[in-house]
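The next block holds one structure in the form of structure tokens; read it before the comments.
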Amino acid sequence: MAKSRKRGNKNTPRRGPARSHVLLVSILAGAVGVICYYTLKNGWAQKLLEERPVDDVDLFEVVQLPGKGMGLVALRDIEPGQLLIREKPLFTVPSQISSSPASLIWSSLARVTPFERDAFLNLSYVHFPSHLNPEDHPEEVALAIFQTNAVSAGDDVGIFPRMARLNHGCSSAFNAVYSWRESEGVLVVHALKGIRKGEELLTTYTDTKRPRRHRREYLSGQYGFSCTCAVCSLPSQQSRASDRRLSAMVDKYQRLSTWAQGSIGKDEAINLTNEIWALGEEEGYWSERGRLAADAAWVAAAHSDVDAVKTWALKAKIWYSRELGSDSEQVKEMESVLEQPQSHRAWGTRSSTKG
Ligand SMILES: *[C@@H]1O[C@H](CO)[C@@H](O)[C@H](O)[C@H]1NC(C)=O
Ligand SMILES: *[C@@H]1O[C@H](CO)[C@@H](O)[C@H](O)[C@H]1NC(C)=O
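Position in the sequence shown (from 1) plus 2 gives the number in the numbering used here.
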């Protein structure tokens with residue numbers, strides 16, 4: 003299937019002062035990746051990273067799927083939280099470059115092994131200029147492949163040929179989540195849900211918490227395919243119900259984000275969190291729960307509520323373990339909050355009486 007991933011990863015670890023805007027970050031993360039990607043204009047080539055993954059061998063296979071192109075299919079039942087892929091980039095380029103993107107990609111490609119080059123050139127691409135013949139313009143083809151398959155890797159944008167075979171699903175249809183680990187220089191993909199032997203592994207290329215019509219327009223415009231995932235294929239009545247839940251989640255996330263400016267108090271923030279959680283349960287949309295719970299723990303800590311901090315930090319730990327891996331920084335952070343709620347960075351920064 004033709005696809006591109008211009009979004010960044012919503013689960014990229016937050017750094018530094020961004021933490022204080024945590025609630026806003028949750029909502030804006032999808033858009034940030036797009037902006038970041040399109041600044042691929044000014045910069046220089048980066049050092050090639052050579053290690054290749056080996057730990058995903060018996061979990062899934064890469065197969066040709068009827069009417070869909072290549073995809074990944076589970077070779078056995080997979081538990082939630084299972085590490086599916088751990089992959090170093092074939093190469094990365096800074097998201098800001100000054101040279102021509104096509105020649106930058108081309109020169110990066112000249113430095114990989116013939117095997118890696120094949121893996122790259124095997125990837126699909128969309129949006130190739132229609133007046134050009136691909137055979138005569140290998141540099142433009144390489145650029146199109148890059149633009150179609152690259153994902154953000156910290157401040158850079160990278161190519162991960164194995165992960166690039168993951169197809170897209172919306173809302174409850176995706177079962178795998180990818181995240182970049184800056185400290186390790188790898189992209190990891192974890193099973194968000196249990197996956198049955200023979201089922202396709204699907205991730206999401208964009209924030210799918212929007213109505214079907216908007217998702218379809220966006221995916222076909224930006225990524226060049228019309229989505230036929232389980233959620234996009236629902237009969238109209240069920241589809242409308244799904245759209246309503248997803249829109250309600252967005253509205254509630256938006257309202258929740260106003261806690262940061264002091265517009266709502268702790269009780270309303272926690273109520274909103276519970277409501278988003280319940281809507282996600284009904285919809286089957288479980289992604290982002292780690293961050294949602296961590297945000298609730300943040301609110302609870304700011305209002306010096308030990309019990310609520312513990313409750314939400316525990317949920318955050320459980321859901322971060324699924325999406326980002328039990329060995330992720332985020333899980334470690336929640337473990338230390340659970341041990342000592344008062345050590346939370348936000349502890350006591352809001353009046354506890356304000357509710
Ligand atoms: C590229 O695709 C060809 C044809 O499908 C396949 O035989 C080859 O193994 C692929 N190479 C890599 C490195 O993935
Ligand atoms: C939060 O929910 C509780 C229980 O449903 C309710 O009693 C309370 O009024 C709500 N508080 C706010 C501020 O929304």
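Think of the CB as a built atom: it goes at the ideal place given N, C-alpha and C, for glycine as much as any other residue.
- Message: Comparing C-alpha positions only, which one of SER126, ASN169 and ILE197 sits nearest to ARG78?
- Response: Residue numbering aside, residue 78 sits at position 76 when the sequence shown is read from its first letter. Ranking the options by Cα distance to ARG78, first place goes to ILE197.
- Query: What residues are listed by DSSP as bridge partners for ARG88?
  - Reply: Position 86 of the sequence shown, counting from 1, holds the residue named residue 88. Answer by DSSP bridge pairing, in chain order: VAL190.
- Task: Determine the burial state of ASN169: buried for a count of at least 16 other Cβ atoms within 10 Å of its Cβ, exposed for fewer.
- Result: By one-based count along the sequence shown, residue 169 stands at place 167. Buried.
- Can you tell me where the beta strand (DSSP E) with THR351 in it begins and where it stops? Within the sequence shown, the letter at position 349 stands for residue 351. Here THR351 belongs to no beta strand (DSSP E), and DSSP marks it neither H nor E.
- Whole-angstrom distance between PRO343 and LYS312, CA atom to CA atom: As a first step, residue 312 is located in the sequence shown; it is residue number 310 there, counting from the start. As a first step, residue 343 is located in the sequence shown; it is residue number 341 there, counting from the start. C-alpha separation (whole angstroms): 7 angstroms.
- Looking at the structure shown, is ARG198 part of a helix, part of a strand, or coil, going by DSSP? Taking the first residue of the sequence shown as 1, we reach residue 198 at position 196. Coil, per DSSP.
- Query: Taking 6 angstroms as the cut-off, does the CB of ASN124 come closer than this to any heavy atom belonging to ligand 1?
  - Reply: For the purposes of this step, residue 124 is identified with residue 122 of the sequence shown, where counting begins at 1. Under cutoff, so the answer is yes.
- Task: Assign ARG183 to one of three DSSP states: helix, strand, or coil.
- Result: Counting from 1 along the sequence shown, the entry for residue 183 is found at position 181. Three-state result, ARG183: strand.
- Query: Between which two residues does the beta strand (DSSP E) carrying ASP158 extend?
  - Reply: Along the sequence shown, one-based indexing puts residue 158 at 156. Per DSSP, ASP158 belongs to the beta strand (DSSP E) from 158-161.
- Item | Cβ neighbour criterion (16 or more within 10 Å) applied to TRP349 | Working through the sequence shown from its first residue, we reach residue 349 at position 347. Classification of TRP349: buried, given that the 10 Å Cβ count is 16 or more.
- Message: Beta-carbon within less than 6 angstroms of TYR127's beta-carbon, same chain only, minus the 5 sequence neighbours each way: which residues are those?
- Response: Taking the first residue of the sequence shown as position 1, residue 127 is located at position 125. ALA146, ILE147 and THR150.
- Query: With DSSP run on the structure shown, which of helix, strand or coil describes THR115?
  - Reply: Within the sequence shown, residue 115 is the residue found at index 113, counting from 1. The answer is coil: DSSP assigns THR115 none of H, G, I, E or B.
- Message: Can you tell me whether VAL233 is helix, strand or coil according to DSSP?
- Response: Position 231 of the sequence shown holds residue 233. Coil, per DSSP.
- Quick one, which of GLY282, ASP307, ALA298 and GLY292 has its alpha-carbon nearest PRO262's? For this step, residue 262 is matched to residue 260 along the sequence shown. The sequence shown places Ala at residue 262, not Pro. It is ALA298.
- Item | Integer Cβ distance of VAL301 from LYS254, believed to fall under 8 angstroms | On the sequence shown, residue 301 is found 299 positions in, with the first residue counted as 1. On the sequence shown, residue 254 is found 252 positions in, with the first residue counted as 1. Contact flag wrong, Cβ pair sits at about 14 angstroms.
- Message: Let me check understanding here. Comparing Cα to Cα, which of GLU290, VAL188, ALA193 and ASN124 lies closest to ALA178?
- Response: In the sequence shown, residue 178 corresponds to position 176, counting from 1. Nearest of GLU290, VAL188, ALA193 and ASN124 to ALA178, Cα basis: ALA193.
- Message: So for SER154, helix, strand or coil by DSSP?
- Response: Reading the sequence shown from its first residue, position 152 is the one you call residue 154. Three-state DSSP puts SER154 in a strand.
- Could you give the DSSP three-state label for HIS170: helix, strand or coil? Against the sequence shown, residue 170 aligns to sequence position 168. Correct three-state label for HIS170: strand.
- Query: Going by beta carbon distance, what residues of the same chain come within less than 6 angstroms of ALA76, once the five residues before and after it are set aside?
  - Reply: As a first step, residue 76 must be located in the sequence shown, where it is residue number 74. Excluding sequence neighbours, ALA76 sits near PHE62, ILE197, LYS199 and GLU201.
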